[in-house]
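Asks:
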Amino acid sequence: MARGMAGWEDEWLGEQRRPTNGTAMWGSPSTTYSAGPVLPAVPDPLPVGATALIPDSMDGFDTLSAPWLLCEAILLGTLDLSGSGAFTQADTAPTRMWLGSSRPVPMLLAIESTSDWVSTRTFTISVKDQDGAAQSWSMPATTSNVANGMVGFPHPPEGSFTGVREVTNITMTGGASPSGTANVLGLIPVSLIPTTTAQISTSCNLIAEGVVRRLPAGAQLRLLRAGVNAGRGLAVLHYTFDQAAGTAKGSKHPMSSIAELMHAEAKHGILPVALNARYSPSTTVGNATSGLLALMQSWYDFTVPAMGVGVEGAVVSAFRGAQGAGLGTMLCWRPSPLGSCTLSGGISTFTSGTPMPSRRFRGQPVASPVATDFPVLNVTQTFSGGANATVTITYTNGAGTSGRTAVLALPNNPVNKSMFAINPHLQGTDTSILSVENITMTGQTTGKAEVVGLVRQADEAMADSSLSACNIQVTMPNRQLILQEGDVLAPIRVGTSAAAGVHICHFDLCPVAA
Amino acid sequence: MTWLTFDDALDEDSDHGVSVPWTITSSSATSATASSGYLTSKLGVSSLSTLWTTIYGAPVPSGFSDPDSDLRLTHMKLAGSRGGTIWVVWAHKVGTVTFNGTGNRFTHDACTFPLTRSKPWGTRVVAGWPLVSLTTATATTAPVIGSWKYNNQAGVTVTNSDTFTFPNATTAAGTGLMLHLEPGDLVTDITEINVTTAASAGAGTVYLLEPIAQVSQIVSGHVTQADMLRGSRFCPPKAVPPAPTSGTLDTMMLAWIVGTSASWSARIQFRFVKQGA
Chain A
1 MARGMAGWED EWLGEQRRPT NGTAMWGSPS TTYSAGPVLP AVPDPLPVGA
51 TALIPDSMDG FDTLSAPWLL CEAILLGTLD LSGSGAFTQA DTAPTRMWLG
101 SSRPVPMLLA IESTSDWVST RTFTISVKDQ DGAAQSWSMP ATTSNVANGM
151 VGFPHPPEGS FTGVREVTNI TMTGGASPSG TANVLGLIPV SLIPTTTAQI
201 STSCNLIAEG VVRRLPAGAQ LRLLRAGVNA GRGLAVLHYT FDQAAGTAKG
251 SKHPMSSIAE LMHAEAKHGI LPVALNARYS PSTTVGNATS GLLALMQSWY
301 DFTVPAMGVG VEGAVVSAFR GAQGAGLGTM LCWRPSPLGS CTLSGGISTF
351 TSGTPMPSRR FRGQPVASPV ATDFPVLNVT QTFSGGANAT VTITYTNGAG
401 TSGRTAVLAL PNNPVNKSMF AINPHLQGTD TSILSVENIT MTGQTTGKAE
451 VVGLVRQADE AMADSSLSAC NIQVTMPNRQ LILQEGDVLA PIRVGTSAAA
501 GVHICHFDLC PVAA
Chain B
1 MTWLTFDDAL DEDSDHGVSV PWTITSSSAT SATASSGYLT SKLGVSSLST
51 LWTTIYGAPV PSGFSDPDSD LRLTHMKLAG SRGGTIWVVW AHKVGTVTFN
101 GTGNRFTHDA CTFPLTRSKP WGTRVVAGWP LVSLTTATAT TAPVIGSWKY
151 NNQAGVTVTN SDTFTFPNAT TAAGTGLMLH LEPGDLVTDI TEINVTTAAS
201 AGAGTVYLLE PIAQVSQIVS GHVTQADMLR GSRFCPPKAV PPAPTSGTLD
251 TMMLAWIVGT SASWSARIQF RFVKQGA
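Heads up: the sequence lines are chains A and B, in that order. So the first sequence is numbered by the numbering used here: it starts at 1 and just counts up by one. So the second sequence is numbered by the numbering used here: it starts at 1 and just counts up by one.
1) Cα-Cα, which of B/Met253, B/Ala201, B/Phe272 is closest to B/Ile86?
2) Alpha carbons only, please: which of B/Ala137, B/Trp90, B/Ile24 is nearest the one belonging to B/Ala79?
3) So within the region 49 to 106 of chain A, which uninterrupted beta strand (DSSP E) runs reach at least 3 residues, ignoring any that extend past its ends?
4) Specify the secondary structure class of A/Gly313 as computed by DSSP and reduced to three states.
5) CB-CB under 7 Å to A/Ala230, same chain, minus the five flanking residues each way: which ones, in chain order?
6) Give the DSSP-derived three-state secondary structure of B/Pro21 in the structure shown.
7) At the level of alpha carbons, what is the spacing between B/Val51 and B/Val132?
8) Going by the beta-carbon positions, is the gap between A/Thr382 and A/Ala409 smaller than 7 Å?
9) With three or more beta-carbon pairs closer than 8 Å as the criterion, would you say the region 483 to 490 of chain A touches the region 328 to 348 of chain A?
10) For a minimum of 3 consecutive residues, which ranges assigned as the beta strand (DSSP E) are wholly contained in the region 93 to 142 of chain B?
11) Note down, one range per segment and in chain order, each beta strand (DSSP E) of at least 3 residues found wholly within the region 201 to 276 of chain A.
12) Here's the rule: buried if 16 or more other CB atoms are within 10 angstroms of the residue's CB, otherwise exposed. What is B/Arg230?
13) Report the rounded CA-to-CA distance for A/Gly386 versus A/Thr446, giving the unit in angstroms.
14) Would you list, in chain order, the members of the region 159 to 181 of chain B that have their beta-carbon closer than 7 Å to a beta-carbon of chain A?
15) Buried or exposed: which applies to A/Ser497, given that a residue is buried once 16 or more other Cβ atoms fall within 10 Å of its Cβ?
16) Of the residues B/Ser49, B/Ser118, B/Gly57, which one's Cα is nearest the Cα of B/Ala91?
17) Nearest to A/Gly328 by alpha carbon, out of A/Leu53, A/Leu234, A/Ser298?
18) Count the other CB atoms, across all protein chains shown, that sit within 10 Å of the CB of A/Gly346; report buried if there are 16 or more and exposed otherwise.
19) Go to B/Ala9, then tell me how far its beta strand (DSSP E) extends in each direction, as first and last residue.
20) Let's test the definition: count the other Cβ atoms within 10 Å of the Cβ of B/Ile218 and tell me whether it reaches 16, buried, or not, exposed.
21) Does DSSP put B/Gly63 in a helix, in a strand, or in coil?
22) Would you call the region 48 to 62 of chain A in contact with the region 174 to 183 of chain A, where contact means no fewer than 3 C-beta pairs closer than 8 Å?
23) Cβ closer than 9 Å: which chain B residues qualify as neighbours of A/Ile200?
24) If we define contact as Cβ-Cβ less than 7 Å, is B/Asp15 a contact residue for chain A?
25) Could you tell me whether the Cβ of A/His238 comes closer than 7 Å to any Cβ of chain B?
26) Cβ of B/Thr165 within 7 Å of Cβ of B/Ala142?
27) Run through DSSP, which three-state label would A/Ser468 get?
28) Below 8 Å between beta carbons is the criterion; list the residues of the region 144 to 157 of chain B that meet it against any residue of chain A, in chain order.
29) Is the distance from the Cβ of B/Thr74 to the Cβ of B/Arg271 below 7 Å?
30) List, in chain order, every chain B residue whose beta-carbon is nearer than 7 Å to that of A/Trp8.
31) Is the beta carbon of A/Pro414 less than 7 Å from the beta carbon of A/Leu292?
32) Below 9 Å between beta carbons is the criterion; list the residues of the region 47 to 62 of chain A that meet it against any residue of chain E, in chain order.
33) Suppose the cutoff is 7 Å on Cβ atoms and the five residues either side in sequence are ignored; what does the same chain contact list for B/Pro278 look like?
34) Cα separation between A/Gln118 and A/Ala458?
35) Mind checking A/Glu158: buried by the 16 CB within 10 Å criterion, or exposed?
36) Among the residues of its own chain, which have a CB less than 8 Å from the CB of B/Ser49, if the five just before and after it don't count?
The structure is reproduced here in structure tokens:
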């Protein structure tokens, strides 16, 4: 592990000038990233005595208001868009130690134009997902004449996988005399880097803020900019070379200090996760009688993978997200629904669900039932007929008292995937729910909804309206759930019900030693 | 001793820490355009300077000129008259350029580049950002640089032929112009600046900028600060100049103000500590 400031630190400068405005690779809801300042690759071989490169901090400036995504980029293949089109495979996901087991790192799929494209193309993409399963889907047609240097994030079908190990093929159709070239990339996030208004830069202190990476020889770094317009960016990445020293020991308390976090990373490996948090279509906003919040759920929730030997579970150790003005993202543990209710012909039928599971929190000796601190009513079938459903939820509160009720009066005809916060409508001084014993719905004739016991793991501070498209570092919650294989993490968008395309969020899963 | 903890650094601060207050000034500049690289910038220099003929940098002790010392910038505080971004940089003078004639108008200083820094794994060449800081305003015509030649970080001599057009026929003295680079390039030396459209006047100093640290002022008049010790776990910036290949390097610690063309005045306080003293 790095031994202090012994001269092994250095910095890289990056610069990028984008002479003309670009275009999103796909249409509304659009994907709007482009290439940012260029950084060199990690030296290969590393200097004698060095075992890895640790990014320490980054300074940045951009003439535009646009956060950057600092990431490692693996070249999965190249595309020739001319004629019938051709995909040439390159690399696959690197195999690294994470969460106690050495295995391929799941990556976020991206396509980067490397020349000006002519016309449009429709891609059918075949991959092996994060579990190695074969997946294939077709994207909508690209926008016409995508400019050089654009970065698009192909979105698989809603509810499908969240990461790729390999791209096995990309075929293409459509267009009129199409041409152009592109890289197919797998991205492993390091950090979103906020750049605020056009005059003001920022420094992002990675290590000090709990973002720990040991990059191997030859690792390719990229800065991707959230935005496609012309401008100029400057970047300075400060780093230090790691040196072999002693035996990594792992950590039962990885979040108690930077040193413990680095021990955990060195022994069992952190898993960086980037999500293409896609929020579409638009949903129904909550009002004074139905949660007082606009909430949206992403197309993709993340399922915690298996832990390796010596790892009890994982905690979320860093979270960053990019959102528009006045919005935010909550990364929530999403257990199985607590219960659901179906309206058919005006008749309400309750189906019981699963009480909140038990988990161990960091610092506690044993597992205990986790009360949901952010329960929501999730619409799973659009409501119709009649008007303004009244939803009565009978529940057991966080203290174990049963027979409590929460009543929501919904907006008329809430559409599928709408979410309504239940907290403002809990009975008396209740703040949480352990289980749901009944749900009744009246007022409308058709519809379906379920109660989901979300448990916040991390959240992004709400951006000020003058700092549009900026991302803010998370403030970690006071307690951390030790997540297990199969646990689902959902990025919930707060503050709007309008559809949106790519909103990158990323987090680290840090191993807790058994 | 090598710093392993914050307390190690603080212990040496109490014995060897150096405080450097600095009052800086800069005149208003001409805003950049797309054809002049988008980046509006200018240098911040000592308020005792005569803009823009005689400029002074930060009043650092003479020991700062020793490239072999391990002097670190641990803290910086700024109060300025404008919102904007400030990079504290080593401004290494490469040469001078004039814009009242066509052809190669660049004159290299006697000092030989590239500049180097000694690292545990060997010698590292300094690769930075190129900046022309106008010492005399242009007049009559907006000059055009048709091409310029530089050596990049790989030691390759590169010719950039992206037309660089000054933002105004009367581009103000003090305006900082960052020349166009090939994608992925940084500069280690400059050999030519070819003017294809001349003005009736105009001259500048050509610098290689090597950033030391950065701080931003959100609101005019407020104090902003950067903790390079705790905020940068392993990398408090090293604040000593590099070594030239031969000759004497003309370099100063200056402020490079980006993102605003307005005149600027500011008070900066630095804290430097020598590691391993």
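Where is the CB? At the ideal position from N, CA and C, for every residue including glycine.
Replies: Taking the definition as stated:
1) B/Met253
2) B/Ile24
3) Every beta strand (DSSP E) stretch that sits fully inside the region 49 to 106 of chain A and reaches 3 residues is listed by chain position as 50 to 62, 68 to 80, 86 to 89, 95 to 98, 101 to 104.
4) strand
5) Arg18, Pro19, Thr20, Asn21
6) strand
7) In the sequence on display, residue 51 of chain B carries Leu and not Val. Distance between the alpha carbons of B/Leu51 and B/Val132: 15 Å.
8) no
9) yes
10) 106 to 108, 116 to 119, 122 to 125, 129 to 139
11) Unbroken beta strand (DSSP E) runs of no fewer than 3 residues, entirely contained in the region 201 to 276 of chain A, are found at 202 to 205, 221 to 226, 231 to 243, following chain order.
12) It counts as exposed.
13) C-alpha separation (whole angstroms): 9 Å.
14) His180, Leu181
15) buried
16) The shortest CA-to-CA distance from B/Ala91 to any of B/Ser49, B/Ser118, B/Gly57 is the one to B/Gly57.
17) A/Ser298
18) exposed
19) No beta strand (DSSP E) holds B/Ala9; the alpha helix (DSSP H) holding it covers 6 to 16.
20) By the neighbour-count rule (16 or more Cβ atoms within 10 Å), B/Ile218 is not buried but exposed.
21) helix
22) no
23) Gly83, Gly84, Thr85, Ser216, Gln217, Ile218, Gly259, listed in chain order.
24) no
25) yes
26) yes
27) Legend: pLDDT at A/Ser468 = 38, less than 50; position of this residue unreliable, value from coordinates given subsequently. A/Ser468 falls in the coil class under three-state DSSP.
28) Gln153
29) yes
30) Residues of chain B passing the Cβ test: Pro120.
31) no
32) Included in the structure are the protein chains A and B, with no chain E among them.
33) Only positions 1 to 277 of chain B appear in the structure, and residue 278 of chain B is not among them; the question remains open.
34) Position check: residue 118 of chain A holds Val in this sequence, whereas Gln was assumed. Roughly 42 Å separates the two Cα atoms.
35) exposed
36) Excluding residues up to 5 positions away in sequence, Thr25, Ile55, Tyr56 lie with their Cβ nearer than 8 Å to the Cβ of B/Ser49 in the same chain.
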